[in-house]
Structures are given as C-alpha cells and as structure tokens.
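Comments concern the structure below.
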Amino acid sequence: MLSQVTYENACLSCGACCAYYRVSFYWAEGEQIPEHLVEPITPVYSCMRGTNQTQPRCQALEGTPGEQVSCSIYSMRSSSCQEVQAGDSQCNKARSAHGMIPLINIEPQVINDESYDQVS
Ligand code: SF4
Ligand code: SF4
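Just so you know, we're using UniProt numbering here: the sequence shown kicks off at 1 and counts up by one.
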C-alpha cells in the first residue's frame, strides 16, 4: 500500500479530519471557543460549526485541505480535535476520503546499545 511516513507537521498540509467528521464535544468545552464557531446539537452536546452537515468543514479551518491549512483556534480546540493523531485510523479514514495517501507511524529504533562496540 502506498503510504507516507508521519512527519511532525503533517497536519499543516492536510486538514482532512477537520473537513470530514462532525466534531462534537460536551457542551461545556464550547465555553472556551468563540460562540460563532459553536453549534448546539443537544442540550448536552455541541459541535464545531460547519461540521454538522453533509459535506463537513469546520469553520475554524483556514486554508485549503491537502495544500496548506491552519486551525484558527488551535490552543482552544476541543478534546475531540485533540484525540485525532496523525497516522491513526481516524486520520487515515479522513485522508482517504479526501484522496490523500495514508500516513504510517514508524517507531524509533535503537540502532546501537551496549552489546555493540562504542566509540570512546
Ligand atoms: S487527517 Fe491526520 S494528518 Fe490530516 S490534519 Fe487530521 S490528524 Fe493531521
Ligand atoms: S477546531 Fe481546529 S482542529 Fe478542530 S476541527 Fe476545527 S479546524 Fe480542525
């Protein structure tokens, strides 16, 4: 499968998850987000405005998905936003829906240890 190794700033040229899922959270989390960006869903849950529709796109997302994006409320984003990690299953589902190749996480490997000769 064609894939791309996760890199530190992968999200800055992606934004797929912000334009794929309904981004909902417990209503109290919305208290820290600008009011015009929050849409109540039920008495208990709210979501990011723009994500509760057939073709979701969070209104806090700036730029063009797949090219260059940023989150205008990054430091205030909800726990739901923070849960999605580059290279996880939710990430790659959203990327696939946007025609982007999946990301894979590569565990750092120990390339030397005490059983090898050390440079002194
Ligand atoms: S889909 Fe993945 S890579 Fe793209 S913005 Fe979301 S977490 Fe980042
Ligand atoms: S608040 Fe930011 S991180 Fe969360 S969905 Fe919107 S643009 Fe993406």
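Glycine included, every Cβ here is placed at the ideal spot set by N, Cα and C. Predicted model, so just to flag it, every value in this text is computed and none were measured.
Residue i versus the options, residue with shortest Cα-Cα distance
| i | options | result |
| --- | --- | --- |
| Thr51 | Gln32, Thr6, Ser24 and Gly63 | Ser24 |
| Gly66 | Arg22, Cys18, Leu2 and Val5 | Cys18 |
Inter-residue Cα distance where the pair is residue i and residue j
| i | j | result |
| --- | --- | --- |
| residue 201 | Ala16 | Given that the chain is displayed from residue 1 to residue 120, the structure contains no residue 201 and the question cannot be resolved. |
| Val44 | Gly87 | 30 Å |
| Gln4 | Tyr21 | 22 Å |
| Tyr26 | Ser46 | 6 Å |
| Leu37 | Glu62 | 13 Å |
| Ile101 | Leu12 | 15 Å |
Where residue i falls: helix, strand or coil (DSSP)
| i | result |
| --- | --- |
| Glu62 | strand |
N- and C-terminal bounds of the alpha helix (DSSP H) containing residue i
| i | result |
| --- | --- |
| His81 | The question names His, but residue 81 in the sequence shown is Cys. Element bounds for Cys81: Ser79 to Glu83. |
| Ser96 | Ser89 to Ala97 |
Start-to-end residues for the beta strand (DSSP E) that takes in residue i
| i | result |
| --- | --- |
| Ala68 | Residue identity differs from the one stated: residue 68 is Gln in this sequence, not Ala. Segment Gln68 to Cys71, the beta strand (DSSP E) holding Gln68. |
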